[in-house]
């Protein structure tokens, strides 16, 4: 149901096209933004409303094996937060790990129209694509876990770099992924093979003869050389550990001037001594990011309340199990990855949790370039994506922020600079950290803006003083030109499409990969690559020459 | 045998939860049957060999009389929409694509969906919700496990290739010697065909699995136990101590468990004790656990129902959102309690294996059946569809017992439609009927409002 539509009288925030709150007409035809439409087009009068591109979530966990395990694990999380069906839409359940349908609809009700699942094992790609097919409205893609891939590590160790590049491209194609994800590089083998141990230093040489740094560097070089639209998405070593900011700085330095994305950087910005309470190193981290335009990051803000830790960083999840003392899932994937899941609570009175909350806010508020410091909660690790409106209010409303600060652990607050930060984000800056910035970092040319030929993914909010309420209740949400929400009600349903890349590779690489498979995998090589029947609606984003 | 032979390589056997995907099928395309299934086990060979097409069988029947598929779809949709408490059951022997449609239909008709999980590893699902699980894919077991424990199962007969392909004899990355690099322990109340594979055979008294598991948990944590444990469980303390030591000492241990644990007294407490034991052991070494699932795609059913509803089985939509309550919404219960007033049974035969009381009620309500063959359930069906067989005639996705999804490679075409196609037809018609009902409800409401 493609509509020709003209939106008039609304205040447009389109930072990618330097439009900051100007009253401007937006025209839609065939699912795209156009310069003009015929006079008989449907008109939406957006008087008193704010128009933004649809939101883009650059880092969340919404589909695939680990997400589904976390769903199965927590009936208690669903029971109190049900999602009824309507004649148009399917039912589901919520909590921190909503069912697929609830996930898609709930993103839409926040005005988000694109979301990227941040960690999928190659062998779990097929599962992820099946769930995507049942995740409505939003466009989506995923990052495939290749950092702990034993075969790729073998090529690295043997310095077969040409084959390494080919194999990376093959794996991306075989899984229909969007980019490469690295998680706690080098940490898998100690976990699975050495009695649940871990790496602790980026330059630590493992028995396999590879340091985390060598793995990180190889992927950054390869992906930049091949010109993926989004660089390696990196979950650094030592997540959550006091003193880990040094590892984060070293990881960023490893990139030199090549593009790299640091995931949920808040969890990697801690000072202090290992084993003791951390301090904030937000300023040091932000300074590095500000001065290095090749680096993008998402914040991974912690929000108080229920969360679900789900990560390929299995040793980390085990540490958190020690704190939560509740149920725990560990799930090893052959030759590819580890995984841990822990239901979790962030509590205001806990020093560590308050400090994490404060460091995330510091990173936002200290950053000079909002284009590269992107809003995320690492959903559902730091909190649900459903808390984005509250997070936006924390950034836009210092009065509210100071009220909230009264409720948290004061000792932790004294160990960071949050009290001294008076900055308030503008609507334009919010449009950058939730739309234009992530779309640019992802290399999605048709997302995150409202210029000609952009996808007609549009959110229209009533302008309100209470920014949490404003961002919680868009009046209109338009996806690919289809009015999904009108006057707060669902009017249409859509599946949304898969966003993926297809970097070129030499078919000969399959003969190099296959023998490894036959020896060490438990499924057949020819049954491993995902075929096109799993794509449903999809769009291939161009892989090109290296970008700056 | 004809000359027209097609070879299908890397085909998948969907008979049991092993979902072996290395079959080489020889297909007689004229006779429409599989003449040879290389690499298949005894169960797989029978599964492939016995699959023939009954060309003359009707694709659809209403009340035992042959009819068109379209009419049968109409009758099925009417039956489901009219019912006040319709149930949908089965699903473990069909593709994820069909399972997705089945959940959608249940959502639209506000019915109750349940899978065969509720009568096999359902207790393990409940234990999982309480404890969590340290687990791994089967390739990791092959590559790393040096201690393999089977508890309450007889894979030699139920999953014949489990030993050879995944867990006991295969040579892996860190287990180059295959069986020589592993210690195999079998815990079972009786001797079975699986017993010879074991280096250590432990035979507890029947119904004492929980006690044995709990004793092991205590020993692993370094607690002292009284030797009276032998009287309790039939297992000497020294044997338990030895097993505990081995579990803590191994490099990568795995506990496989079967229905001998989940369907005997204690049920989810048994599964929970085992999962907790595996979790505890991670304080000392790397240890995983895994239920040895039965039907070809029961793991897919768990996954699909979970991603669409948040719960793995026993889900009710009568309030327009999913609710989970095993014991209330599980099929044996909805039937035995007499709540269900219509049933759609997909790829399962409850009339031949459910408790008597449940079967009696099932016979008294209208049933829609999708099955590849005539069954006890389909004999009494109001609407019966004959569908093609997944993995043999139909492509699609199947999840192995370790949640690894595999795409099927069908061998030859069936004259019968597949489950997904029929279910899409029913879904479409159900939606139309429900829309009409919504419109009627809305118009009634308007009239009531106007009168008021």
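Residue numbers (the numbering used here), protein chains in the order written: chain A, 1 to 548; chain B, 1001 to 1452.
Beta carbons: idealized from backbone N, C-alpha and C, even for Gly.
It should be emphasised that the depicted structure is a prediction, and the values quoted were computed from it without experimental measurement.
In the DSSP assignment, residue 476 of chain A falls within the beta strand (DSSP E) that extends over 476–479. For residue 408 of chain A, the three-state secondary structure derived from DSSP is coil. Rounded to the nearest angstrom, the Cβ distance from residue 1385 of chain B to residue 1072 of chain B is 6 Å, consistent with a contact under 8 Å. Counting only Cβ-Cβ distances below 9 Å, residue 318 of chain A has contacts in chain B at 1282, in chain order.
Between the alpha carbons of residue 1160 of chain B and residue 1083 of chain B lies a distance of about 42 Å. For residue 1174 of chain B, at least one C-beta of chain A is nearer than 8 Å to its own C-beta.
Between residue 303 of chain A and residue 391 of chain A, the beta carbon gap of about 7 Å places them in contact (Cβ cut-off 8 Å).
Setting aside the 5 residues that flank it on each side, residue 1267 of chain B is surrounded in the same chain by 1123, each with a C-beta closer than 7 Å to its C-beta; the list follows chain order. About 5 Å separates the beta carbons of residue 374 of chain A and residue 437 of chain A, which is inside the 8 Å limit, making them a contact pair.
Taking a contact as a CB-CB distance under 8 Å, the pair residue 77 of chain A and residue 321 of chain A does not count as one, their CB atoms being some 17 Å apart.
By the Cβ test, the segment 1101–1118 of chain B is not in contact with the segment 1239–1255 of chain B, since fewer than three Cβ pairs between them sit closer than 8 Å. Contacts with chain B at 8 Å (Cβ-Cβ) do not include residue 18 of chain A.
The criterion of a C-beta distance shorter than 8 Å is not satisfied by residue 539 of chain A and residue 169 of chain A. DSSP, read as helix, strand or coil, puts residue 1125 of chain B in helix. Residue 429 of chain A and residue 353 of chain A have their C-alpha atoms roughly 26 Å apart. Distance from the CA atom of residue 342 of chain A to the CA atom of residue 1037 of chain B, rounded to whole angstroms, is 43 Å. Straight through space, the alpha carbons of residue 48 of chain A and residue 38 of chain A are spaced by roughly 24 Å. Residue pairing by DSSP puts residue 1288 of chain B in a beta bridge opposite B:1254.
The beta carbon of residue 1311 of chain B falls within 8 Å of a beta carbon belonging to chain A, placing the residue at that interface.
Only exposed fits residue 403 of chain A, as fewer than 16 other CB atoms lie within 10 angstroms of its CB. Between the beta-carbon of residue 1409 of chain B and that of residue 1012 of chain B there is about 7 Å, and that keeps the pair under the 8 Å contact cut. With fewer than 16 neighbouring CB atoms inside 10 Å of its own CB, residue 469 of chain A falls in the exposed class.
The alpha carbon of residue 1184 of chain B has as its nearest neighbour, out of B:1224, B:1176, B:1169 and B:1278, the alpha carbon of B:1169. Straight-line measurement puts the Cα of residue 407 of chain A at about 52 Å from the Cα of residue 531 of chain A. When DSSP states are grouped into helix, strand and coil, residue 345 of chain A belongs to the strand group.
Looking at the DSSP output, residue 461 of chain A sits in a beta bridge with A:50. By the neighbour-count definition (other C-beta atoms within 10 Å, threshold 16), residue 237 of chain A is a buried residue. In the three-state reduction of the DSSP assignment, residue 1141 of chain B falls in the helix class, which pools H, G and I.
Any Cβ of chain B closer than 8 Å to the Cβ of residue 520 of chain A would place that residue at the interface, and such an atom is present. In the same chain as residue 1392 of chain B, and ignoring 5 residues on each side of it, the C-beta atoms closer than 6 Å to its own belong to 1051 and 1411, in chain order. Collapsing the DSSP output to three states places residue 1006 of chain B in a strand.
When secondary structure is reduced to three states using DSSP, residue 533 of chain A falls in the helix class.
Along the segment 1165–1248 of chain B, the alpha helix (DSSP H) occurs as fully enclosed runs of 4 or more residues at 1209–1220 and 1229–1233, listed in sequence order. Near chain B, meaning a CB-to-CB distance below 9 Å, the residues of the segment 182–204 of chain A are 191, 192, 193, 194, 195 and 196. Under the three-state reduction of DSSP, residue 117 of chain A is assigned to strand. In the DSSP assignment, residue 1060 of chain B falls within the unbroken beta strand (DSSP E) covering 1060–1062.
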